[in-house]
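714 is the number of the first residue of the sequence shown in my numbering; add one for each residue after it.
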Amino acid sequence: MSDVLIVEDDLQLREMLCYFLKNVEGYSVDCLSSGEGAAEIIMDQAPKLVLLDIQLPHTSGLSVLESLRQQGSTIPVIIMTANDNEITETNALTIGANDYITKPVRTNALRERIRKLLEQKPSIHSRVEEELIFRLCPRNSTLQFKHITVPLIPSEFELLELLAKADEPMPVHELFQHIHGFPYHIEDRSIYMRVSTLRKKLSAYLPDMELIKNKRSRGFYLNYQVVVR
Numbered sequence: 714m715s716d717v718l719i720v721e722d723d724l725q726l727r728e729m730l731c732y733f734l735k736n737v738e739g740y741s742v743d744c745l746s747s748g749e750g751a752a753e754i755i756m757d758q759a760p761k762l763v764l765l766d767i768q769l770p771h772t773s774g775l776s777v778l779e780s781l782r783q784q785g786s787t788i789p790v791i792i793m794t795a796n797d798n799e800i801t802e803t804n805a806l807t808i809g810a811n812d813y814i815t816k817p818v819r820t821n822a823l824r825e826r827i828r829k830l831l832e833q834k835p836s837i838h839s840r841v842e843e844e845l846i847f848r849l850c851p852r853n854s855t856l857q858f859k860h861i862t863v864p865l866i867p868s869e870f871e872l873l874e875l876l877a878k879a880d881e882p883m884p885v886h887e888l889f890q891h892i893h894g895f896p897y898h899i900e901d902r903s904i905y906m907r908v909s910t911l912r913k914k915l916s917a918y919l920p921d922m923e924l925i926k927n928k929r930s931r932g933f934y935l936n937y938q939v940v941v942r
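Put into structure tokens, the structure is as follows:
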């Protein structure tokens, strides 16, 4: 997990920001040059802060920000824009940005904005994060989220419970071993089918939230906190 993820298509500016934040300020920094797939990468890598340009190829910075907030991310985001006419500070904050800075970026101003956001007490976001907790209920075999209750058959409950208790993504062979009690065979697609079926059910109840995700070459994991109680 990096301290700062920069999403900026201008190579010169991106390299300048990366050098300043890494070599002058001492942050760990990662960079992206396009908005395409940026929201998924940000959710996957979970940096402490995102520095996000508005004008990006393929997918705009606004779309990236909206996607992050729709998925429940509370990662602080500083919007960068070329001029005040492109987007107002009020609009940027309305769609979910934590701060706003115009280009050319002044390093002193950027330093202070990043410092203030990273030094904020986590309790500021704790209420938001609490609202994004799912509850897996063994007593009646359901998944609960706010006012929504999803009924689960035993195999669906078992899969969610395994993922909820895992500290890291679970490979298919581990899920298979836990569920069936014997070694996984590479041609067996039962786990993939079970995950696919459960995803379809969850999307019917929670169309804007992707609970089960797959990290390439590592396995399946839950995109939100799920507690068993």
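For glycine and all other residues, C-beta sits at the position ideal for the given N, C-alpha and C.
Check	Outcome
Straight-line gap, Ser916 to Ile899 (C-alpha atoms, nearest Å)	28 Å
Simplified DSSP state of Thr820, which is helix, strand or coil	helix
Where Glu869 falls, given that 16 or more other Cβ within 10 Å makes a residue buried	buried
Where the alpha helix (DSSP H) containing Thr772 begins and where it ends	Taken as a continuous stretch (DSSP letters only), Thr772 belongs to no alpha helix (DSSP H), as it is neither H nor E.
C-beta contact flag for Thr855 and Pro867 at 8 Å	no
Where Asp901 sits in the DSSP three-state scheme	coil
For Pro770 and Ile792, the rounded distance between their alpha carbons	16 Å
Nearest to Thr794 (by Cα), restricted to the options Gly932, Ile814 and Ser746	Ile814
Buried versus exposed, by CB contacts within 10 Å (16 or more), Ile846	exposed
Three-pair Cβ contact test at 8 Å for the stretch 740-753 versus the stretch 772-792	yes
Element boundaries [alpha helix (DSSP H), containing Pro867]	Pro867 to Lys878
When Arg727, Val763 and Gln725 are compared against Asp716, the one with the closest alpha-carbon	Val763
Burial state of Val720 (16 or more Cβ within 10 Å)	buried
Residue environment, Ser946, which counts as buried when at least 16 other CB atoms sit within 10 Å	Since the first residue of the chain shown is 714 and the last is 942, residue 946 is not available in this structure.
Candidates His891, Gln857, His860 and Leu830, of which the one nearest Leu872 by Cα	His891
Under the three-state DSSP convention, the category Asp757 falls into	helix
For Ser737, the first and last residue of its enclosing alpha helix (DSSP H)	A small correction: the amino acid at residue 737 is Val; Ser does not occupy that position in the sequence shown. Here Val737 belongs to no alpha helix (DSSP H), and DSSP marks it neither H nor E.
Leu845, enclosing alpha helix (DSSP H) - first and last residue	Taken as a continuous stretch (DSSP letters only), Leu845 belongs to no alpha helix (DSSP H), as it is neither H nor E.
Segment limits, beta strand (DSSP E) that includes Phe933	Gly932 to Leu935
Supposed contact pair Ile788 and Ile755 - C-beta distance, whole angstroms, cut 8 Å	7 Å
Spatial neighbours of Cys744 in its chain, beta-carbon cut-off 6 Å, leaving aside the 5 residues before and after	Ile719, Arg727 and Cys731
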